[in-house]
Structure formats: structure tokens, C-alpha cells
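Remarks on the structure that follows.
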Amino acid sequence: MRKLILKISICTFLIIGNMSCSQEEVTQNPPLLENFTLDLSKSKLGTPLILFKYENKDQLINNINQSFIQIMKDAQDMIIKSNEISEVVTELQFSNNIAAIIRVTYFDENKNGITYKLNANTNKYERSPSSHLAKCPDGYSLLASCSNFDGTKECVASAVGQFLTENISGVGNCANIQVSVGTFSTKVCGKTC
Numbered sequence: 000m001r002k003l004i005l006k007i008s009i010c011t012f013l014i015i016g017n018m019s020c021s022q023e024e025v026t027q028n029p030p031l032l033e034n035f036t037l038d039l040s041k042s043k044l045g046t047p048l049i050l051f052k053y054e055n056k057d058q059l060i061n062n063i064n065q066s067f068i069q070i071m072k073d074a075q076d077m078i079i080k081s082n083e084i085s086e087v088v089t090e091l092q093f094s095n096n097i098a099a100i101i102r103v104t105y106f107d108e109n110k111n112g113i114t115y116k117l118n119a120n121t122n123k124y125e126r127s128p129s130s131h132l133a134k135c136p137d138g139y140s141l142l143a144s145c146s147n148f149d150g151t152k153e154c155v156a157s158a159v160g161q162f163l164t165e166n167i168s169g170v171g172n173c174a175n176i177q178v179s180v181g182t183f184s185t186k187v188c189g190k191t192c
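Quick note, in numbering that gives the first Met the number 0, the sequence shown goes up one by one and the last residue is 192.
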């Protein structure tokens, strides 16, 4: 009987010891970031996103189609993937042998018409009322309104190509294009600068 009590006592101590060890909490302090440094000297923050460089007007026109196909694909993907984005407005500038994105606006029609713009020159998001999305901004002309159901990319590339052909005679000229990709249609506006 003594052996049985001894065995039960040993088993009880082992079980209690095992349970007490498994329930210990280990607290670990997170690493401090006091001495953390970040070198942004080689970053390109605050500069426009360069799509391509061109040597002459023909090279500019030849590069339009592929660039706008990618811009529109990215915008349509954003609209499909995010329920907070209903329209993406991309503003491009063609100047000094460079085609660059200078501003991107994400619009959410469900949030009282507030837009959030990424200004590439300042690399900051800016808030503004969305009334300009219904029409071309001041100084811009409507170049095309394309359906998103058929031939959208060709419609946009054609409108942009025609506008740049008519308004850029050399690499020193400047033109801005705004492409507004919505759920059902895409609007293209342009102006010289």
C-alpha cells in the first residue's frame, strides 16, 4: 500500500509540475527603435513617375499605346480589387523628352465625394472636393469619352495620339493628358502647357 501511495504521489507531483511549467508566461520587450536610422538620400520621393523617354515626336506617338494600356489596366484592377475606389484619374505630362505621371487621384463615390490625390511632385496625398471629376478640369478639353465595355484602350490611345500629334511639334513642347477610368466609362482630357 505504501508503494501505491508513493507512486500516486510521484505522479501527482509530476503532473502538477508539468502543468505549472506549461502555463508560465514569458514576457519579452519589443526592440527599441531609438537608434533606428533611415537613409532616404537615394530615394526618388517627390519626383514624377517616368513612363518613358522619347527622342522625337514619332517615338513619343509609338510609345503611347502600350503606356496607356498599362495605365488603364492598373486603374481597372484597382477599381475591381477595392470597394473603396470607384474612379482612378491619372494625369500625365509630356515635356522635355519625358512622359511622366504627375498626379493620381482615387475617388470613392460612397464617401461623400472626397478624392485622395497622390501628387507626384510633393509625394503627398491631398484631399479635395470631387466636383472636377464630372467634367474636364479648367483649361482642359474633352478629347474622348470611351465605353469600358468595348475598345476602350484603342479609343483612349487614339484620342491621346491624335492630341499629341496636333499639339507637340517637337520635344520641347508640353502637353498634359488626364485619363479618368471609371466603372463604366473612361474620359480623356487634354491641354497644352
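Where a beta carbon is used, it is the ideal one built from N, C-alpha and C, also for glycine.
Inter-residue distance for residue 74 and residue 83 is about 13 Å (C-alpha atoms, whole angstroms). Residue state for residue 165 is assigned as helix, using DSSP reduced to three classes. Taking 8 Å as the cut-off, the Cβ atoms of residue 179 and residue 145 do not count as close. The count of Cβ pairs closer than 8 Å, one atom from the segment 52-60 and one from the segment 84-92, stays below three, leaving the stretches out of contact. Exposure of residue 61 is indicated by the presence of fewer than 16 other C-beta atoms within 10 angstroms of its C-beta. For residue 70, same chain residues with a beta-carbon under 7 Å away, outside a window of 5 residues either side, are 89 and 178 in chain order. Bounds of the beta strand (DSSP E) holding residue 52 are 48-52. Sequence-distant partners of residue 162 (beyond 5 residues in either direction) whose C-beta falls short of 6 Å from its own C-beta, in its chain, are 142 and 189.
Note on geometry: alpha-carbon atoms of residue 192 and residue 78 lie some 30 Å from one another. Boundaries of the alpha helix (DSSP H) around residue 56: 56-80. Within the same chain, 49 and 52 come within 7 Å of residue 97 by CB-CB distance, once the 5 residues on both sides are set aside. Secondary structure note for residue 186: its beta strand (DSSP E) is the uninterrupted segment 184-191. Its chain contains 188, 189 and 190 as the residues whose beta carbon lies nearer than 7 Å to that of residue 140, once the 5 sequence neighbours on both sides are disregarded; these appear in chain order. Contact annotation, residue 63 with residue 174: C-beta distance approximately 11 Å; criterion of less than 8 Å not satisfied. For residue 98, the pairing in a beta bridge is given by DSSP as 51 and 93. Linking residue 108 to residue 136 through their CA atoms gives a straight-line distance of about 18 Å.
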